[in-house]
Structure formats: structure tokens, C-alpha cells
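Remarks on the structure that follows.
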Amino acid sequence: MSKNNIKEQIILASKSPRRIELLKQWGLNFKIISSNIEEKTNLKRPSSIVKYLSLEKAKNVKQNIKNAVIIAADTIVVLNGKIVGKPKDHKHSMEILNELNGSLHKVYTGVTIKDDNKTVVFYDVATVKMQMLPKSRLNTLIGKHMDKAGAYAVQDKDDCFVKKIYGDYYTVVGLPYIKLKKEMKKFNIALK
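Take 1 as the starting number for the sequence shown in the numbering used here and just add one per residue.
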């Protein structure tokens, strides 16, 4: 842990392969302990939802662990004011992809960083412009990303679905780099 100049261990409260890869890429040594909360809330505002769920995930993992910095996140896709979640099945994946085809939508990621003494909760939002794909091309994406909000993966170079991102690319992937780097300094942790 000397690389991070802290005594506490760092724990990612997520099994997301994308978040794991990003934190490794940014030079952190960490353990993975996934939270087991039900991702439900009565909140309506996307920014409030992602902040609340990231906080609940962090609290869930932190409750029995001392001397650790917990990083938790939650990401949602919002199209025309409606939250687009993860696909429930292949049919739902097709419905989501058809809705997003050619769209302009927003991706919100909320993040909580929590240690024994303090908790920082923030969010970032990026706007994503999607390609208008022909039905034949869209059909090749159905069911490919069942574990992702919006049923697509911006980091998957084979998808060719995302045309342009306005904002932090990493917010769309699931961890907003610019804001995370700034907030991690409050915990004496530096990202590459």
C-alpha cells in the first residue's frame, strides 16, 4: 500500500469488470468486496438515485470493516427523462437498443468514497449521442451487454453504437475519472 501513501486498504464495492479495470489502470491496489444491497429507491432525480445507491453500497461494505477506504459507484442511463436500466432478457435488450438507436441520452454515475472518518458522495453526468444503426446491425448487439444499463458498452470497440460523448468518457464507463481523482485526494490517494 505504500504506493498509495496510506495505511488503510482500498476496497472496491463492485464486481464490475469495467470498474476493476479502470482502478487498475489508474494505479490503485485494492480488494473487491461486492455489496449485497437491493438497487431500489423511491427517489426520482437521476443524480439523487446514483448518489443514494452508491452511498448504500459503500455503507453495506464498510459496516464490518475498519481501516479501509471504500469506493462504491452506481450508473444509470436516462432517455427523455426515463431511466433505462439493465435488460431483463433478450426481448428487453432489443427494446432498449431500439429506443436508444440514434438518440441523445444522459449517463449518470454516482460515487461514494468512505473511510472510518469521512464520506464523500458525488456524481457526474455525460451526454451520449448514438449512431442510427440499421436494424440488421442493431440485431447483432441484442443480448450482448445484459449486465449494463442501456444494454450497450461504450468501451466495446466492436459495438460502433456510440457516435460522440459530451463530458467525461469514464462517467459513461462507470467511474468519472476527473471528479474521482480530485475527491480521492481528500483521502490522500493519488490516481495516475
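By construction, the Cβ of each residue, glycine as well, lies at the ideal position given by its N, Cα and C atoms.
Note that the coordinates shown come from a computational prediction; the quantities given were computed from them, not determined experimentally.
Please decide whether residue i counts as near chain D, where near means a Cβ-Cβ distance under 9 Å.
i      : result
TYR169 : No chain D is present in this structure, which holds just one protein chain.
Could you check which residue in the options has the C-alpha nearest to that of residue i?
i      : options                       : result
LYS66  : ASN117, SER54, ASP168, ALA13  : ASN117
ILE33  : LYS44, PRO17, SER48           : PRO17
PHE122 : VAL172, LEU23, ASN64, TYR108  : TYR108
LEU22  : ASN188, THR41, ILE165, ILE71  : ILE71
LEU43  : ASN36, SER35, LEU53, PRO87    : LEU53
HIS90  : ASP147, ASP168, GLU183, GLU56 : ASP147
SER136 : ILE76, TRP26, PHE161          : PHE161
ILE83  : LYS40, LYS182, ALA73          : LYS40
ILE11  : LYS88, ILE178, ASP115         : ASP115
THR140 : ASN98, LEU104, VAL120         : ASN98
ILE142 : LEU191, ALA73, ASN101, ASN80  : ASN101
VAL195 : ALA190, ASN29, PHE30, GLY85   : Residue 195 lies beyond the range of the chain shown here (1 to 192); nothing can be said about it.
ASN80  : MET94, LYS24, ARG45, VAL120   : ARG45
SER103 : ILE113, MET130, VAL120        : MET130
THR119 : MET94, SER93, MET184          : MET184
LEU55  : LYS192, ILE113, PHE30, GLN9   : ILE113
HIS92  : ALA126, ASN64, TYR152         : TYR152
Let me confirm a value: residue i is counted as buried when at least 16 other C-beta atoms fall within 10 Å, else exposed. Which label applies?
i      : result
HIS145 : buried
LYS186 : exposed
MET132 : exposed
ARG19  : buried
LYS164 : exposed
LYS182 : exposed
LYS106 : buried
Please say whether residue j and residue i have beta carbons closer to each other than 9 Å?
i      : j      : result
ALA68  : LYS62  : yes
VAL128 : VAL172 : yes
LEU180 : TYR170 : yes
GLY150 : ILE96  : yes
ALA13  : SER47  : no
ILE37  : LYS15  : no
ASP124 : ILE178 : yes
GLN9   : LYS192 : no
Taking the continuous beta strand (DSSP E) assigned at residue i, which residues delimit it?
i      : result
THR119 : 119 to 130
ILE10  : 9 to 12
LYS164 : 162 to 166
For the alpha helix (DSSP H) that contains residue i, what are its first and last residues?
i      : result
TYR170 : 169 to 173
LEU133 : Looking at the DSSP string, LEU133 is not in any alpha helix (DSSP H), and its letter there is neither H nor E.
LEU141 : Premise fails: LEU141 is in no alpha helix (DSSP H) and is neither H nor E.
ILE178 : 177 to 184
Any heavy atom of the ligand ATP closer than 8 Å to the CB of residue i?
i      : result
LYS179 : As for the ligand ATP, it is missing from this structure, which has no ligand bound.
Query raised in the report: What runs of the beta strand (DSSP E), each 3 residues or longer, lie entirely inside the stretch 26 to 110?
Result: 68 to 79, 82 to 84
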